[in-house]
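Below is one structure; the comments refer to it alone.
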DNA sequence: ATGGACTCATTGCACTTGCAACGAATCAAC
DNA sequence: GTTGATTCGTTGCAAGTGCAATGAGTCCAT
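Protein chains in written order, with the numbering used here: chain A, 1 to 163; chain B, 1001 to 1163.
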């Protein structure tokens, strides 16, 4: 007697996890293999490429990483010389984090392959399909927004929906 | 001078990761809060619900978990009394893992909420949209299948595409 | 200016994870 | 039957992670 019919391989959250992990893993080849970077370090680097001089909290809010994870990622990046970290000028609690020259160089060596991976993923997908895909993703996020037991979305990810 | 224009929040692998993690986290409330289970343990339990008497390798192939992760998850589940583990009858290397009565009971207490979370995610999404969504996901998987640097897909996840 | 509430970043701790290495069991070839 | 290659599950180890607690800095009301 089977209690409840339930197929993991058809379970939406599981499907998302499988695809996401596979895609992330493939991207990580671009930054882990050559530079030994982790996902957290990769996200921090990329964010710094857009916003010079940010705090830990700021990064935490923008790239979906626990603040302690950001803190340690920044420390590792600093030790690797890819990032500079100075006490905040106006506010002594903040830390101003910025890319070093070496960090910019590292990013430049990484980004092409990362973008290439994304291009490969999207190769057979039409713009309409992709728009639809993102629309559905957004609906799922919206459903989670309604759920008090779900984690709130971070600031940056909400920014996408400015319609 | 900005080296390369790159927006993390628009980067497909990142987007997938954010949604996936949020969804998974919400589901985990259903099994972590009441029973203290991890994602690995959850997946093992669910798989056992379908296939009685499986080996570690079998689970590893079906639910996208490193075999050491499966091994440890099974150990923990055994200690919790949710799972029975006996040496393989025909092949001495294998381990036959099966749900205990307590394990079935635990699953029954968990599954309704998990399914409810999925239902909530899909509430505003039409069947056509969902079919399209899964089709796009499948295209992304197919792209990764072509990439020698990507991890191969596990057996069970390929099974879905039997059209 | 002083005290208390708040915010920021870091750290201690227990736990999980991935990978490689390992030992045991099986299989195939001779 | 014995040897060598293979498969299976587990484990050692180094590293990463989440969460709560900490300590330092800031802001505001008094």
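By construction, the Cβ of each residue, glycine as well, lies at the ideal position given by its N, Cα and C atoms.
Assignment of beta-bridge partners to residue 1099 (chain B) by DSSP yields B:1083. If you check the CB distance, residue 1086 (chain B) and residue 1070 (chain B) do not come in under 8 Å. By the 16-neighbour rule on beta-carbons within 10 angstroms, residue 52 (chain A) is exposed. Our two residues, residue 109 (chain A) and residue 63 (chain A), have alpha carbons roughly 21 Å apart in a direct line. In this structure residue 100 (chain A) is in contact with residue 84 (chain A), their Cβ atoms being roughly 5 Å apart against a cut-off of 8 Å.
The DSSP-derived three-state label of residue 54 (chain A) is strand. Membership of residue 1022 (chain B) in the alpha helix (DSSP H) is indicated by the continuous run 1012 to 1035. Within the same chain, 1133 come within 8 Å of residue 1125 (chain B) by CB-CB distance, once the 5 residues on both sides are set aside. In the three-state DSSP reduction, residue 1006 (chain B) falls in the coil class, being neither helix nor strand.
Chain order gives no chain B residues near residue 66 (chain A), where near means a beta carbon separation below 9 Å; the closest approach is about 11 Å. Residues of the region 55 to 84 of chain A with a Cβ closer than 8 Å to any Cβ of chain B, in chain order: 62, 63 and 64. Around the Cβ of residue 1130 (chain B), a 10 Å sphere holds fewer than 16 other Cβ atoms; the residue is exposed. Counting the other CB atoms within 10 Å of its CB gives residue 68 (chain A) a total below 16, which places it among the exposed residues.
Identification of residues in the region 100 to 111 of chain A having a C-beta nearer than 9 Å to some C-beta of chain B yields 104, 105, 107, 108 and 111, given in sequence order.
Classified as buried, residue 1041 (chain B) has 16 or more neighbouring CB atoms from the shown chains inside 10 Å of its CB.
The beta carbon of residue 1074 (chain B) is closer than 7 Å to those of 1044, 1056, 1083, 1085 and 1097 in its chain, skipping five residues each way along the sequence. Chain-order list of chain A residues neighbouring residue 1131 (chain B): empty, with the shortest C-beta distance near 11 Å, by a criterion of under 8 Å. Between residue 148 (chain A) and chain B, the shortest Cβ-Cβ separation is not below 8 Å. Three or more beta-carbon pairs drawn from the region 8 to 16 of chain A and the region 1013 to 1022 of chain B are found closer than 8 Å, and the two stretches are therefore classed as touching.
Short of 7 Å from the beta carbon of residue 1081 (chain B), and not among the five residues preceding or following it, lie these beta carbons of its own chain, in chain order: 1100 and 1102. Residues of the region 18 to 31 of chain A whose Cβ lies closer than 8 Å to any Cβ of chain B, in chain order: 18, 19, 20, 21, 22, 23, 24, 25, 26, 27 and 29.
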